[in-house]
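Numbering (the numbering used here), first residue to last: 2 to 422. Heads up: the structure comes next, in structure tokens.
Below you can see the structure in the form of structure tokens.
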């Protein structure tokens, strides 16, 4: 058995497209395909930062030649952002060594170098091919180790069925019937998820980039994703391929203490809200989180839409768990779990006779009625707060969700969930 890893690192998502290359390679050498989502915070990526593996019974030389020829013929290597890599391992996924699986785990959360990837491949006798900076070797090697890494970490993988356009239509407007897409999404939800955004009307499964993908259907069952894809009325499909993947698993998130969070990685962090949410120019919502002496800013950016209302509803003293990528000292919120809510606040007392808000009687002298009642109070009083948010998990809507982020509808969360569909 042979495992072929491919990563084209084409930041424009034009030309070959990594998944398209894997689909074509599978047709040449047989086998099955894995789609591996890596660290979404690295600069060398398309929006989804995907690498691909094809597991085949073809001999390593045949598989290597086919993969190399595909990249050479289709990758846009004249673009300095396109730096493909191919890695071929002459073994089954289950026989991949632990250090290769370790590399996959690291690639999902760190920024790694192609030089290190090449050294590891040489040590294991893997065939490699790289172009330009060879950054694609990082993802290609991670794809080789993905299946063992997922099984070792008990990642509950999902599936994606991708339908590809005829080549002469690449770069033109896509023709996908919205009504049939919504009908197919409704028929298969929640087994199939992140297909549409039912609030905004967005066709989440249909990309806006100029590459070969017509639509991509994600879900928990491969038969359901294929059936959903077939039910969509659209322009002519050139080919389809179903991938096993770590999409929708939160595989990119590492648990950490707030004070240990670093730029370029994604985390799950426990904290307390330490400043009131602040809506800034452009509609972005910011607040500060605290854990002991540690502080970290958090943001719900405008594209997360209605999720910002959940963040705006937080108050100083609320205990939360936040998930997201840290960039420039700010965690970009993907999900928030409200663990406990502050139920009361200290306010200036009201006069029990006239109902007016009292005023300060002077430093250290409490409060007195502003009218002629003559009533006084020794200090502020506790008042119950009306809260517009409940305990539980909240998420960004489907149109703003990262490929690797786990939708709440998939379950497995340690508290009540409030899914966005």
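C-beta atoms are modelled at their ideal positions from N, C-alpha and C, and glycine is treated no differently.
Listed in chain order, the non-local C-beta contacts of residue 390 below 8 Å within the same chain comprise 311, 314, 315, 339, 342, local neighbours out to five positions each way being set aside.
Here DSSP, grouped into helix, strand and coil, assigns residue 237 to coil. Annotation: residue 175 to residue 322 spans about 39 Å, alpha carbon to alpha carbon. Beta-bridge partners assigned by DSSP to residue 35: 54, 245. The alpha-carbon of residue 346 is positioned some 20 Å away from that of residue 377. Here residue 114 is not near residue 2, since their CB atoms are 8 Å or more apart. Annotation for residue 309: the continuous alpha helix (DSSP H) segment containing it runs 308 to 313.
Beyond the five residues adjoining it in sequence on each side, residue 198 comes within less than 7 Å, by CB distance, of 205, 398, 399, 400 in the same chain, given in chain order. The shortest CA-to-CA distance from residue 40 to any of 31, 33, 51 is the one to 51.
At the C-beta level, residue 160 and residue 96 stay beyond 8 Å of one another. With 16 or more other Cβ atoms inside 10 Å of its own Cβ, residue 404 counts as buried.
Excluding five sequence positions before and after residue 280, the CB atoms of its chain that fall closer than 6 Å to its own CB belong to 286, given in chain order.
Residue 177 is not a Cβ neighbour of residue 225, given a cutoff of 8 Å. Taking C-beta separations shorter than 7 Å and ignoring five residues to either side along the sequence, the partners of residue 104 in its chain run 121, 142, 143, 146, following chain order. For residue 162, there is no enclosing alpha helix (DSSP H); the enclosing beta strand (DSSP E) covers residues 159 to 166. Residue environment analysis places residue 253 among the buried positions, since at least 16 neighbouring C-beta atoms fall within 10 angstroms of its C-beta. A straight-line Cα-Cα distance of about 6 Å links residue 275 and residue 318. Membership of residue 220 in the beta strand (DSSP E) is indicated by the continuous run 214 to 220.
Of the other Cβ atoms in all chains shown, 16 or more fall within 10 Å of the Cβ of residue 212; this residue is therefore buried.
For residue 21, the enclosing alpha helix (DSSP H) stretches over residues 19 to 30. In the DSSP assignment, residue 224 falls within the unbroken alpha helix (DSSP H) covering 223 to 231. Beta-bridge analysis with DSSP links residue 369 to 360, 377. Considered as a whole, the region 132 to 160 harbours 137 to 145, 147 to 154 as its complete alpha helix (DSSP H) runs of no fewer than 4 residues, in chain order.
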